[in-house]
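Novice:
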Amino acid sequence: MMLLSQTVGRPVVSASDAAHVGTVAGLVVEPGGPGGAGGAGGAGGAVVTAVRLDGVKGGGDVVAWADVHAVGPDAVVVEAATAARFTSADSSERQNLLGKRLLTELGDAAGTLADVAFDPASGRIDMLYGSRGDRIPGDRLLGVGSYAVVIRVAGEVSGV
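Using the working numbering, the letters of the sequence shown map in sequence onto residues 4 to 163.
The structure is reproduced here in structure tokens:
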């Protein structure tokens, strides 16, 4: 597993020529998989759908997860040096996950999102880490908005 906090700031390079594309600014996350596959928290679970970039010259600021060749300890390697721009509905503010308020589906505050563990090969979200020390399985992620990350309540999560 890889942590989002350790991925942010890593260089992004092209697999074809090792050209510097940008740096990782964050991840775009879909709670139920692409297009809601598996439903929120269903069999599909939450997945990374794209990598947000900083420092990109002449173009987009998002690379689809399908175009990510590898996520390693030193860099993220993408298949092509071109990046696609998301629409305003997927704005960077909405997807700036770290430090965002955590709310339960009942509207109860559960601290803030301290980190996200994800599988660098598949993009599956394994665990959300709350600021109160909570470990929340990734399949409990219900939504990401401009105000908060919403999680499903479960009896076994401490403090939630």
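Think of the CB as a built atom: it goes at the ideal place given N, C-alpha and C, for glycine as much as any other residue.
With distances taken Cα to Cα, identify the nearest neighbour of Thr107 among Ser17, Ala151, Gly48 and Val71.
Specialist: Numbered from 1 along the sequence shown, position 104 holds the residue referred to as residue 107. It is Ala151 whose Cα lies nearest to the Cα of Thr107.
Novice: With Val119 and Leu7 assumed to form a contact (beta carbons below 8 Å), what rounded beta-carbon distance in angstroms separates them?
Specialist: In the sequence shown, residue 119 corresponds to position 116, counting from 1. In the sequence shown, residue 7 corresponds to position 4, counting from 1. About 4 Å; that satisfies the 8 Å criterion.
Novice: To the nearest angstrom, report how far apart Val81 and Ser17 are at their CA atoms.
Specialist: Residue numbering aside, residue 81 sits at position 78 when the sequence shown is read from its first letter. Residue numbering aside, residue 17 sits at position 14 when the sequence shown is read from its first letter. So the alpha carbons of these two residues sit roughly 5 Å apart.
Novice: With a Cβ-Cβ cutoff of 8 Å, do Gly58 and Thr26 count as a contact?
Specialist: On the sequence shown, position 55 is the one that residue 58 refers to. On the sequence shown, position 23 is the one that residue 26 refers to. It is a contact, given that the beta carbons lie within the stated cut-off.
Novice: Using a threshold of 8 Å, state whether the C-beta atoms of Gly141 and Ala113 are closer than that.
Specialist: For the purposes of this step, residue 141 is taken as the residue at position 138 of the sequence shown. For the purposes of this step, residue 113 is taken as the residue at position 110 of the sequence shown. Going by C-beta atoms, Gly141 is not nearer than 8 Å to Ala113.
Novice: Would you list the one or two residues that DSSP bridges to Pro76?
Specialist: Working through the sequence shown from its first residue, we reach residue 76 at position 73. None; Pro76 has no bridge partner.
Novice: Given this structure, state the Cα-to-Cα distance separating Gly44 from Ala73, to the nearest angstrom.
Specialist: Locating residue 44 in the sequence shown gives position 41, counting from the first residue. Locating residue 73 in the sequence shown gives position 70, counting from the first residue. Residue placement at Gly44 cannot be trusted, given a pLDDT of 38 that sits under 50; what the coordinates show is reported in the next sentence. Taking the straight line joining both Cα atoms gives about 25 Å.
Novice: Under DSSP, the alpha helix (DSSP H) around Ser8 begins and ends at which residues?
Specialist: The residue given as residue 8 occupies position 5 in the sequence shown. Taken as a continuous stretch (DSSP letters only), the alpha helix (DSSP H) holding Ser8 covers Leu7 to Thr10.
Novice: List the whole-angstrom C-beta distance separating Ala53 from Trp68, where the pair is believed to meet the contact cut-off of C-beta under 8 Å.
Specialist: Numbered from 1 along the sequence shown, position 50 holds the residue referred to as residue 53. Numbered from 1 along the sequence shown, position 65 holds the residue referred to as residue 68. With a Cβ gap of about 6 Å, Ala53 and Trp68 count as contacting.
Novice: Output the distance between the C-alpha atoms of Val147 and Ala22, rounded to the nearest integer angstrom.
Specialist: By 1-based counting over the sequence shown, the position of residue 147 is 144. By 1-based counting over the sequence shown, the position of residue 22 is 19. For Val147 and Ala22, the distance between alpha carbons rounds to 32 Å.
Novice: Looking at the secondary structure, which residues open and close the beta strand (DSSP E) in which Arg104 lies?
Specialist: For the purposes of this step, residue 104 is taken as the residue at position 101 of the sequence shown. Note, Arg104: beta strand (DSSP E), Arg104 to Thr107.
Novice: Can you grab the Cα-Cα spacing for the pair Arg135 / Asp20, in whole Å?
Specialist: Counted from its first residue, the sequence shown places residue 135 at position 132. Counted from its first residue, the sequence shown places residue 20 at position 17. About 43 Å.
Novice: Excluding the 5 residues preceding and the 5 following Leu100 in the sequence, name in chain order all residues of the same chain whose CB lies nearer than 8 Å to its CB.
Specialist: What you label residue 100 is simply residue 97 of the sequence shown in a count that begins at 1. Answer for Leu100: Leu7, Gly29, Leu30, Val32, Leu116, Val119, Val147 and Val152, listed in chain order.
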